[in-house]
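**Student:** Residue numbers (UniProt numbering): 1 to 699. Backbone N, C-alpha and C define an ideal beta-carbon position, used for all residues, glycine too. Can you keep this structure in mind? I'll have questions shortly.
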C-alpha cells in the first residue's frame with residue numbers, strides 16, 4: 001500500500017482548480033494539447049542525450065479498476081464504488097532516449113535556480129523552464145495530464161545516477177477542490193480524506209516531511225502489470241506517464257465542433273478514418289503538431305536537432321506513412337531551418353520550394369535577418385498524387401476554412417520543432433492574395449534564427465542581450481499556441497508583416513501573369529460585381545452583381561451579408577448585416593481591388609503600386625444592434641466617419657483605419673462588447689476612379 005499526502009488549504013498554496021485552468025486554452029481538443037505537451041516534454045528531456053533521435057510511444061488499453069485501486073490508500077473504496085466494472089480505459093505516454101525525471105526528490109536538496117525535472121513535473125506549478133533550447137516555459141502545460149482523465153496520473157521514470165540506474169514512481173491527483181455535482185453535492189475525491197483539501201494529493205513513500213517516489217522495482221513491476229505495461233530494463237532511461245480512467249468517446253467527441261459547416265461526406269470520411277478510436281486520432285494529432293520532426297533524418301546533417309521516432313501502440317509512424325500535406329510541412333520546415341544554420345536543403349520531391357530571408361530592422365546585433373520562410377505554391381494533384389485524401393484544412397482542424405477559397409496557410413515554430421500554429425487568418429496571412437484556382441494552395445513555414453542576439457538599447461531593457469529563441473519563448477502563453485510581443489516591442493509584429501510581404505512578392509506574384517499597375521490593366525468596372533466576402537466562408541445567393549445584387553458569407557463565428565447596393569456617381573452605399581458568434585469579439589472589414597492577378601489589399605497596393613488607393617470609406621453607420629440578452633433590436637443610427645474615426649458605445653466600437661503609408665481610409669475594425677452581437681448598418685464608399693472593381697474582405 002502506498003502512503004499519501006493531501007495538500008491542505010494554506011497561505012500561498014497552489015490550488016488544484018487553478019492548475020487545471022492554467023493552460024489558458026479551452027478551444028483546442030484535449031488530445032491535441034496532450035500530444036503537444038507530452039512530446040515537447042520528451043524533446044526537452046532528450047537535449048542532453050547523445051542519440052540523434054528520441055522515442056515516444058502512446059499506448060491505449062484497458063485495466064481492471066479494483067487491481068489498481070488497491071494501491072490508492074484512502075480512496076480505494078470510493079474508486080471501487082465509482083468504477084465497479086471489470087474494465088476501464090487508460091492511456092500511457094512513454095519516452096526513451098531521454099534523461100527521465102532527474103533531480104532531487106527531497107525538499108532540503110532543492111536548488112532555488114533549478115528544481116530539477118522530478119520536482120518541476122510532480123510538485124511545482126508555474127516553475128519556468130530554465131534549460132536553453134527547451135520547448136516548455138511557463139510550467140503549466142502539464143496540467144493537461146490531469147484534465148484528460150479524472151485527475152489521477154502515475155509518473156514512472158528510470159534515470160541514470162552516479163551508482164547505476166534508479167527507478168522512480170509516484171501517483172498524483174489534481175482536481176477542482178470546489179467541484180459540485182448537478183444536485184449541488186460535493187463531487188471531489190480528496191474532500192473525503194481532508195475537508196480542507198486544496199485539490200492536490202500524492203501517493204508514494206513517507207520519509208519525515210517528504211513524500212518520496214517508490215524506487216523498489218519489486219513494488220513497481222506489479223503495479224505496472226496492472227496495466228499490462230513493462231518496466232524499463234537494461235540501459236533504458238525515460239519516463240512513462242499513465243493516465244487511468246479516461247473516457248475515449250468523450251475525448252473524441254469534441255474533435256469536430258458540432259456546428260462545423262462541413263459536408264456530410266467529408267465528416268463521415270474523417271470520422272471513419274481518424275476518430276473511430278483513440279489510437280486513430282493520436283496518429284493524426286502527432287502528425288499535425290510534430291510533422292517537422294517525424295523520421296526527419298536530414299536534421300543531424302546540418303544541426304543538433306533530434307528527429308522523432310513516434311508510435312501508437314508500438315506501431316511506428318514513418319515518414320512514408322504521413323499524410324501528403326504533413327510530408328510537405330516537413331519539407332518546408334527542413335528547408336527553412338537549414339537556412340538558419342547556414343546550410344541548404346533541396347527537396348527532391350518539391351524542388352520548387354523557395355526559402356526567403358525575413359528581415360527586420362533595428363532589433364538585432366550583426367544583421368537584420370530574423371529567420372527564413374520556406375514557401376510553395378502547389379496544385380492539389382502535385383500535393384496528393386493519386387491518394388484519396390481530404391483537404392489540408394480538415395487535417396489541421398481548421399474546419400471553417402475547408403469550404404473557402406484555399407486560404408494560404410503559414411506555419412511557424414521554434415527550435416524544438418513543434419508547430420506553434422497553422423494560421424489561415426490574422427497577421428501571419430493578412431495581405432497574401434488567395435490562389436486564383438480552387439486546385440492551388442499556398443503554404444509557408446517560418447523558422448527564426450534563434451541564436452540571433454537582441455540589441456542592448458531596446459525599448460524594453462529586460463530583453464536586451466537575449467537571443468531571439470528565448471525572446472520568442474517568452475512571447476508564448478502556457479499553451480504555446482502563438483507569439484505575442486510584450487509592451488514596447490514589435491519583433492513578432494514585424495516578422496509577421498515581412499513574412500507576408502515575402503510570400504506575396506516572391507511566391508504569389510512571381511507565379512501570376514505579369515501586369516502593369518495602371519488603370520487600363522486593372523479588371524472590370526465599378527459596381528460590376530460587388531462581392532460580399534472574398535475567399536472566406538460559403539457564398540450564398542450568388543456573388544451579387546450590377547450594384548443591385550447581394551450576397552453573404554460565413555465562417556462558424558462570423559456572418560456577413562450585403563443587401564441591394566445603391567451606386568450614385570462615385571459613391572457606393574452598401575447596406576449590410578454583421579453577426580459575431582461563438583465568442584468572436586472582433587471583425588475587420590477591408591476594401592480590396594480586383595486585378596488580373598487577383599485581389600489586391602490596400603497595403604499591397606501601397607507597397608507594390610504606390611499610387612493613390614482608388615477608393616476610401618467615407619462612413620460606417622450602425623442602425624441597430626442586438627445580442628442574446630436583447631429582446632428587441634436597439635437603435636443607434638450612429639457611427640464613424642472621416643471626420644470622427646472612432647465610434648464607441650456600451651454595445652460595440654468601430655474605428656476607421658488606413659493602410660500603412662496611405663491616407664485613404666480602407667478598413668473598419670469592429671469590436672463587440674457583448675456576446676453574439678448582430679448589427680445592421682450602412683457602409684459608404686467613395687471611388688476615385690470607376691475603372692476598378694471592389695470587394696469587401698472580412699475576417
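Quick check on the DSSP output: what are the complete beta strand (DSSP E) runs of length 3 or more inside the segment 50–106, in order along the chain?
**Tutor:** DSSP runs (the beta strand (DSSP E)) wholly in the segment 50–106: 53–63, 88–96.
**Student:** Could you pull the DSSP bridge partners for residue 617 from this structure?
**Tutor:** DSSP, once it has assigned bridges, lists 685 as partnering residue 617.
**Student:** State the Cα-Cα distance for the pair residue 490 and residue 21, rounded to the nearest angstrom.
**Tutor:** Between residue 490 and residue 21, the C-alpha separation is close to 29 Å.
**Student:** Residue 158 and residue 75: beta carbons closer than 8 Å?
**Tutor:** Contact flag unset, no.
**Student:** Would a C-beta distance cut-off of 8 Å place residue 168 and residue 213 closer than the cut-off?
**Tutor:** Yes, they are a contact pair.
**Student:** Tell me whether residue 112 is buried or exposed, calling it buried when 16 or more other Cβ atoms sit within 10 Å of its Cβ.
**Tutor:** Exposed, by the Cβ-count rule.
**Student:** Is residue 8 helix, strand or coil by DSSP?
**Tutor:** Looking at residue 8 - three-state DSSP - the assignment turns out to be strand.
**Student:** What three-state label does DSSP hand residue 192 in the structure shown?
**Tutor:** Helix, per DSSP.
**Student:** Measure how close the beta-carbons of residue 334 and residue 370 come, nearest whole angstrom, since I'm counting them as under 8 Å.
**Tutor:** That pair is no contact at about 19 Å.
**Student:** To the nearest angstrom, how far is it from the Cα of residue 464 to the Cα of residue 621?
**Tutor:** Distance between the alpha carbons of residue 464 and residue 621 is about 46 Å.
**Student:** Mapping the DSSP letters down to three states, classify residue 459 as helix, strand or coil.
**Tutor:** Here residue 459 sits in coil by DSSP.
**Student:** Among residues of its own chain, excluding the 5 on either side of residue 174, which ones have a beta-carbon nearer than 6 Å to its beta-carbon?
**Tutor:** Counting only Cβ-Cβ distances below 6 Å, and skipping sequence neighbours, we find 16, 19, 146, 151, 200.
**Student:** Look at the alpha carbon of residue 93 and the alpha carbon of residue 87, and state the distance between them as a whole number of angstroms.
**Tutor:** The straight-line gap from Cα to Cα measures roughly 20 Å.
**Student:** Please state the DSSP three-state secondary structure of residue 368.
**Tutor:** Three-state DSSP puts residue 368 in coil, outside helix and strand.
**Student:** Residue 452 and residue 372: beta carbons closer than 8 Å?
**Tutor:** No, Cβ-Cβ distance for residue 452 and residue 372 is not below 8 Å.
**Student:** In the DSSP assignment, find the beta strand (DSSP E) that holds residue 354 and state where it starts and stops.
**Tutor:** Counting along the chain, the beta strand (DSSP E) containing residue 354 begins and ends at 354–359.
**Student:** Return the chain-ordered list of same chain residues with a C-beta closer than 7 Å to the C-beta of residue 323, the five sequence neighbours on each side being excluded.
**Tutor:** So the list reads 287, 389, 395, once near-sequence residues are dropped.
**Student:** In terms of alpha-carbon separation, which member of 305, 602, 376 lies closest to residue 443?
**Tutor:** Checking every option, the nearest Cα to that of residue 443 belongs to 376.
**Student:** Can you name the residues that DSSP bridges to residue 206?
**Tutor:** For residue 206, which the question treats as bridged, DSSP gives the partners 211.
**Student:** Shortest alpha-carbon distance to residue 701 belongs to which of 90, 216, 13, 195?
**Tutor:** The question about residue 701 has no answer here: the residues shown for the chain are numbered 1 through 699.
**Student:** Within the same chain, show all residues whose beta-carbon is closer than 7 Å to that of residue 318, passing over the 5 residues directly before and after it, in chain order.
**Tutor:** 295, listed in sequence order.
**Student:** Can you tell me whether residue 330 is buried or exposed? The criterion is at least 16 other CB atoms within 10 Å of its CB, across all chains shown.
**Tutor:** Answer is buried; the Cβ neighbour count reaches 16.
**Student:** Would you mind sorting residue 2 into buried or exposed? The rule is 16 or more other CB atoms within 10 Å of its CB.
**Tutor:** Buried is the call here.
**Student:** Around the C-beta of residue 700, are 16 or more other C-beta atoms found within 10 angstroms, so that it is buried, or is it exposed?
**Tutor:** The requested residue 700 does not occur in the structure, where the chain is confined to residues 1 to 699.
**Student:** On a CA-only basis, which of 693, 697, 493 is nearest residue 668? Give me that one, please.
**Tutor:** That would be 697, whose Cα lies nearest to the Cα of residue 668.
**Student:** My output table needs one value for residue 650: the three-state DSSP class, helix, strand or coil.
**Tutor:** In this structure, residue 650 counts as coil in the three-state DSSP scheme.
**Student:** Between the segment 650–668 and the segment 561–569, can you find at least three pairs of beta-carbon atoms closer than 8 Å?
**Tutor:** Flag = no, the segment 561–569 and the segment 650–668 do not touch.
**Student:** Output the boundary residues of the beta strand (DSSP E) element that contains residue 253.
**Tutor:** Unbroken run through residue 253 is the alpha helix (DSSP H), 248–253; no beta strand (DSSP E).
**Student:** Should the segment 303–314 be called in touch with the segment 251–269, which here means at least 3 C-beta pairs below 8 Å?
**Tutor:** Judged by Cβ distances under 8 Å, the segment 303–314 makes no contact with the segment 251–269, as fewer than three pairs qualify.
**Student:** Under 8 Å Cβ to Cβ from residue 584, same chain only, skipping five residues before and after it: list those, please.
**Tutor:** Correct list, in chain order: 557, 558, 672.
**Student:** I need the boundaries of the beta strand (DSSP E) containing residue 668, first residue and last residue.
**Tutor:** Here the beta strand (DSSP E) through residue 668 covers 665–672.
**Student:** Check the DSSP bridge columns for residue 317 and list the partner residues they point to.
**Tutor:** Residue 317 pairs with nothing; no bridge assigned.
**Student:** Would you report the Cα separation of residue 461 and residue 455, rounded to the nearest angstrom?
**Tutor:** Between residue 461 and residue 455, the C-alpha separation is close to 9 Å.
**Student:** Using the DSSP secondary-structure output, state which residues sit across from residue 228 in a beta bridge.
**Tutor:** Its beta-bridge partners do not exist; DSSP assigns none.
**Student:** When the Cα atoms are used, what is the spatial distance from residue 256 to residue 269?
**Tutor:** Distance between the alpha carbons of residue 256 and residue 269 is about 12 Å.
**Student:** Can you tell me the Cα-Cα spacing of residue 484 and residue 84, whole angstroms?
**Tutor:** The alpha-carbon atoms of residue 484 and residue 84 are separated by roughly 48 Å.
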